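K.L.:
I'd like to ask some things about the structure below.
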Amino acid sequence: MRHEPFEVQRNQTNTFGIGCENSNDVAIAGDPDILNATGGAIHWTVTQNRPDGWNNDSWASTVLYTGSDPTASFYINLKCMRVSQ
56 MRHEPFEVQR NQTNTFGIGC ENSNDVAIAG DPDILNATGG AIHWTVTQNR
106 PDGWNNDSWA STVLYTGSDP TASFYINLKC MRVSQ
């Protein structure tokens, strides 16, 4: 399972994946400060895919940064969180 940050560059659509331990896990992207840091110019979706070959629930995050700084890049984290029932 990858935990390192993923680099996002301006006007490039990036898709990153992560495998979580079970179906009670969900994947999240970014952090609470990321919208402030980018002026609200980041857009992402996180979607669940079918279980991968290791019987983990696989998630994909698609990220697009549309800010005005042509040289900007930043890093996001994609992590699994357990949903309690």
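Under my numbering, the residues of the sequence shown are numbered 56 to 140, in order. Just so you know, even glycine gets a beta-carbon here, dropped at the ideal spot from N, CA and C. Nothing here was measured: the structure is a model prediction, and the numbers come from that model.
(1) For N132, which residues of its own chain have a beta-carbon under 6 Å away from its beta-carbon, when the five flanking residues on both sides are left out?
(2) DSSP puts Q64 in a beta bridge; with which residues?
(3) Starting from the C-beta of T68, find all residues in its chain whose C-beta is less than 7 Å away, skip the five residues before and the five after it, and write them out in chain order.
(4) Determine, using beta carbons only, whether A127 and G72 come nearer to each other than 7 Å.
(5) Here's the rule: buried if 16 or more other CB atoms are within 10 angstroms of the residue's CB, otherwise exposed. What is D112?
P.N.:
Taking the definition as stated:
(1) P60
(2) S128
(3) T117, L119
(4) no
(5) buried
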